[in-house]
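Have a look at the structure below before the remarks.
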């Protein structure tokens, strides 16, 4: 193997690599070509480098043409039916709960109107006053239920109030149920309050969803984790 008087094979090979990469080799092309003609090792290196570049030139477009599979459509195809089913179930529950709240509100309204009709026939002013106060309370509950059915966003504020009223009414009404000879009104009131709590809870869960409800309940606990 012959060497140039100044240049070594490693220098020529580095210059060849730079020329193949499109960079400035730093050595005149005539000098490089002259060295290639006289050095079989550098000629073999050059031939191998040229073959490698050609191989890469053919493979890179093939790799570029091979795109990664788009999984978005597959994911949506699997998720969308489930999401639609959940959305439909939630919409049905919301609609049915709102209708149920309206029905319970109508029962409270009918009871209030009945109390007013009874009050108009009473002579005792004390009985009239108590009956009017009871009718006012029932009108208020009926209106609250109608408003909650119209605007479900207020259910979260109304539900604790109605639930608290039902809880205390149960506590105070148990004694009257066992002691009073006629406790029909107490039973009706407890039953309607219970229906109000159930229907409001149904609407609240349907409107917010179980995930948000669990998070809200967890945030009220002593260990919200």
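In our numbering, the protein residues as written are 622 to 846. We treat Cβ as the ideally placed atom computed from N, Cα and C, and that holds for glycine.
Per-residue DSSP class, three states only, for residue i
i           : result
residue 703 : helix
residue 647 : coil
Element boundaries [alpha helix (DSSP H), containing residue i]
i           : result
residue 660 : Looking at the DSSP string, residue 660 is not in any alpha helix (DSSP H), and its letter there is neither H nor E.
residue 792 : 776-800
residue 632 : 630-641
residue 828 : 805-829
residue 746 : 746-771
Identity of the residue in the options nearest residue i by Cα
i           : options            : result
residue 727 : 768, 784, 827      : 768
residue 754 : 773, 733, 763, 772 : 733
residue 789 : 663, 776, 815, 634 : 815
residue 794 : 809, 783, 782      : 809
residue 718 : 776, 638, 756      : 776
residue 765 : 648, 657, 783, 756 : 783
residue 656 : 708, 763, 636      : 636
residue 829 : 634, 707, 786      : 707
residue 638 : 673, 658, 660, 661 : 673
residue 759 : 791, 648, 811      : 811
residue 715 : 648, 813, 825      : 825
residue 774 : 757, 813, 827, 746 : 827
residue 756 : 746, 731, 648      : 731
residue 642 : 659, 667, 752      : 667
Residue environment, residue i, which counts as buried when at least 16 other CB atoms sit within 10 Å
i           : result
residue 682 : Its pLDDT being 48, under 50, residue 682 is placed unreliably by the model, and the measurement read from it follows with that caveat. Exposed, since its Cβ has fewer than 16 Cβ neighbours within 10 Å.
residue 750 : exposed
residue 739 : exposed
residue 729 : buried
residue 798 : exposed
residue 736 : buried
residue 712 : exposed
residue 665 : exposed
residue 817 : buried
residue 763 : buried
residue 771 : exposed
At a cut of 8 Å, does the region 811-826 reach the region 716-727 through at least three beta carbon pairs?
-> They touch, by the three-pair rule.
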